[in-house]
Amino acid sequence: MDREVIVTSKEEFLPGIFRMCLETGKDFSEQSEPGQFIQVEVSPGPFPVTRRPFTISRTYSSSIEIVFETVGRGTVLLSEVETGSTVRVLGPLGSGYELNSGGWLLVGGGLGAAGFPGLVSFVDCRLLLLGASTKDKLLPVPGVSFLSITEDGSSGRKGLVTDLLESVPWDSVSNIAVCGPVAMMKAFIQRIPGEFTSSTQISAEARMGCGWGACEGCSIPKAGGGYLKCCTDGPVFPADSIDWERYGVVS
Ligand SMILES: Cc1cc2nc3c(=O)[nH]c(=O)nc-3n(C[C@H](O)[C@H](O)[C@H](O)COP(=O)(O)OP(=O)(O)OC[C@H]3O[C@@H](n4cnc5c(N)ncnc54)[C@H](O)[C@@H]3O)c2cc1C
Ligand code: FES
15 MDREVIVTSK
25 EEFLPGIFRM
35 CLETGKDFSE
45 QSEPGQFIQV
55 EVSPGPFPVT
65 RRPFTISRTY
75 SSSIEIVFET
85 VGRGTVLLSE
95 VETGSTVRVL
105 GPLGSGYELN
115 SGGWLLVGGG
125 LGAAGFPGLV
135 SFVDCRLLLL
145 GASTKDKLLP
155 VPGVSFLSIT
165 EDGSSGRKGL
175 VTDLLESVPW
185 DSVSNIAVCG
195 PVAMMKAFIQ
205 RIPGEFTSST
215 QISAEARMGC
225 GWGACEGCSI
235 PKAGGGYLKC
245 CTDGPVFPAD
255 SIDWERYGVV
265 S
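Using our numbering, read the sequence shown as starting at 15 and increasing by one per residue.
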């Protein structure tokens, strides 16, 4: 669906991090699954040419919410859109999480946790591990037990999210969802007990053009050779479908 939607609310709830609610209509919100994303036209003008992808953070009866950080021109333009104005939105796009039964461990690095508020209402989340550079980048996920860690020690322990692995009650975990920077996901996959790799799903990061499979701008290396399209094969993938040696390496 490609439609003009009303921005019904916008809030800068952490410095440079916005929560925005979009009145998409019931059909759009009902079809949105945890892990899917939308492509937003951040400006009515000719630039930037390409839309920007954002995870659907959560859904309401006829609206969806996104959470985004201002990192460049597109996200700054989006943050300046006034409540009551409209933006053009394409979605819901991509394939989301396989909502398997059993206990879930969720692991989010920075804005990687943006999609978890929606996911936790569909799965049995036993523990959420949150990591960020500093406390102002730790995204709250209401209603779940969590442990947090920051690189500068401003909230929770000082360190990286992988340092929290020792606190995971592995006996109660059957599924793992990981989303964050590629380096963080790689480090995490290397450190989890081997038997959990096949039940781990990751939400991949890639620069996107079209968002629907036409431009091949979002390719990520596939285990065993070749490439996957982040926008249509993912963005959520089984962790063992990715070639972690090649992913994130600039050639
Ligand atoms: C499937 C998907 C879901 C996403 N969901 C969210 C979300 O929920 N919240 C959120 O804040 N961001 C999300 N992103 C990242 C977001 O799309 C980018 O931050 C945004 O496109 C940047 O646009 P810009 O014009 O502001 O920045 P640009 O000027 O294009 O770039 C600014 C900086 O951000 C980096 N960057 C841009 N796009 C990406 C990207 N896709 N991945 C990693 N780094 C990038 C650039 O390398 C550069 O350093 C998602 C990306 C994908 C692919
Ligand atoms: S963004 Fe165009 S093919 Fe994926």
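A virtual CB, placed ideally from N, CA and C, is assigned to each residue, including glycine.
(request) Apply the 10 Å Cβ neighbour rule to Glu79 and answer buried if 16 or more other Cβ atoms are within range, or exposed otherwise. (result) Result: buried.
(request) Compute the beta-carbon to beta-carbon distance between Gln50 and Pro106, rounded to the nearest angstrom, for a pair I have assumed lies under 8 Å. (result) Between Pro106 and Gln50 the Cβ distance is about 4 Å, and since that is below 8 Å, they are a contact.
(message) For a test of the three-state rule: what should DSSP assign to Ser265, helix, strand or coil?
(response) Note that Ser265 has pLDDT 49, beneath the 50 cutoff, so the model's placement of it is unreliable and the number below is only indicative. Correct three-state label for Ser265: coil.
(request) Leaving aside the five residues before and after Leu178 along the sequence, list all residues of the same chain whose C-beta is less than 6 Å from its C-beta, in chain order. (result) Residues of the same chain with a CB within less than 6 Å of the CB of Leu178, apart from the 5 flanking positions on each side, are Leu143, Leu161, Ile163 in chain order.
(request) Look at Lys151 and Glu83 and say whether their C-beta atoms are less than 9 Å apart. (result) The answer is yes: Cβ separation under 9 Å.
(message) Starting from Arg17, trace the beta strand (DSSP E) in both directions and tell me its first and last residue.
(response) In this chain, the beta strand (DSSP E) harbouring Arg17 covers 16 to 28.
(request) Please confirm if the stretch 63 to 79 is in contact with the stretch 173 to 189, defined as three or more CB-CB distances below 8 Å between the two stretches. (result) Between the stretch 63 to 79 and the stretch 173 to 189 there are fewer than three inter-stretch CB-CB distances shorter than 8 Å, so the stretches are not counted as touching.
(message) For a quick check, are the C-beta atoms of Pro195 and Glu219 less than 9 Å apart?
(response) Contact flag set, yes.
(message) How far does the alpha helix (DSSP H) with Phe202 in it extend, from its first residue to its last?
(response) 196 to 205 is the span of the alpha helix (DSSP H), which, as asked, contains Phe202.
(request) Round the Cβ separation of Cys245 and Trp226 to the nearest angstrom and send it over; I've been treating them as touching at under 8 Å. (result) Between the beta-carbon of Cys245 and that of Trp226 there is about 6 Å, and that keeps the pair under the 8 Å contact cut.
(message) What ranges does the beta strand (DSSP E) occupy inside the stretch 118 to 163, keeping only unbroken runs of at least 3 residues that lie completely in it?
(response) Unbroken beta strand (DSSP E) runs of no fewer than 3 residues, entirely contained in the stretch 118 to 163, are found at 138 to 146, following chain order.
(request) Return the Cβ separation of Gly122 and Leu153 in integer angstroms, given the expectation that the two are a contact with Cβ distance under 8 Å. (result) A Cβ-Cβ separation of about 7 Å places Gly122 in contact with Leu153 under the 8 Å criterion.
(request) Starting from Glu44, trace the alpha helix (DSSP H) both ways and give me its first and last residue. (result) Residues 40 to 45.
(message) With distance defined between alpha-carbon atoms, name the residue in Val155, Gly117, Val95 nearest to Gly132.
(response) If we check each option's Cα against that of Gly132, Val155 comes out closest.
(message) Within 10 Å of its beta-carbon, does Asp254 have 16 or more other beta-carbons around it, so buried, or fewer, so exposed?
(response) Classification of Asp254: exposed, given that the 10 Å Cβ count is below 16.
(message) If you reduce the DSSP assignment to three classes, tell me which class Leu174 lands in.
(response) If DSSP states are grouped into helix, strand and coil, Leu174 belongs with coil.
(request) Can you check DSSP and say which residues form a bridge with Leu242? (result) Ile234.
(request) Please check the pair Ala128 and Thr69, which I expect to be a contact at CB under 8 Å, by giving their CB distance rounded to whole angstroms. (result) The Cβ separation is near 5 Å, so the contact holds.
(message) With a threshold of 8 Å (Cβ to nearest heavy atom), would Met222 be considered close to ligand 2?
(response) Yes, the Cβ of Met222 comes within 8 Å of a heavy atom of ligand 2.
(message) Helix, strand or coil, according to DSSP, for Ala191 in the structure here?
(response) For Ala191, the secondary structure class from DSSP, reduced to helix, strand or coil, is strand.
(message) Between which residues of its own chain and Ser77 is the CB-CB distance below 7 Å, once the five residues before and five after are set aside?
(response) Closer than 7 Å at Cβ, skipping near neighbours: Thr22, Cys35, Leu36, Glu37, Thr38, Ser43.
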